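Numbering (our numbering), first residue to last: 440 to 549.
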């Protein structure tokens, strides 16, 4: 899963395996924009397919937003319903395990 840097027009101009300043937007590697940036033909780019593909991205945006609000003490994780807390914790755990596996295996994300 790459992190993207965008230009002023919102176009991807760089992809990185790890987040850094300027390239901190997490994007699913199957995202049509990533595929286009890499020059990979998109098999199904119908509007409905593109909308479905953006669901994963939006979920990540919501996760990142919650992290920022918690870090800035605007909300507490415990302000969220227990079900939401559990889902966020599971996703964070999975993400950490994936990153650890990739680090151990030395694999590239792209």
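Just so it is clear, CB atoms sit at the ideal spot from N, CA and C, and this is done for glycine as well.
A quick note: this is a predicted structure, and the numbers were derived from the prediction, not measured.
For residue 445, there is no enclosing alpha helix (DSSP H); the enclosing beta strand (DSSP E) has its first and last residue at 442-445. Apart from sequence neighbours up to five positions away, the residues of its chain that approach residue 458 with a beta-carbon distance below 8 Å are 442 and 465, ordered along the chain. Scanning the stretch 463-519 from its first residue to its last, the whole alpha helix (DSSP H) runs of 4-plus residues come out as 471-476 and 486-510. The alpha-carbon separation between residue 516 and residue 504 amounts to approximately 12 Å. Residue 532 and residue 453 have their C-alpha atoms some 27 Å from each other. In the three-state DSSP reduction, residue 448 falls in the coil class, being neither helix nor strand. Out of 446, 471 and 518, the CA that lies nearest to the CA of residue 485 is found in 471.
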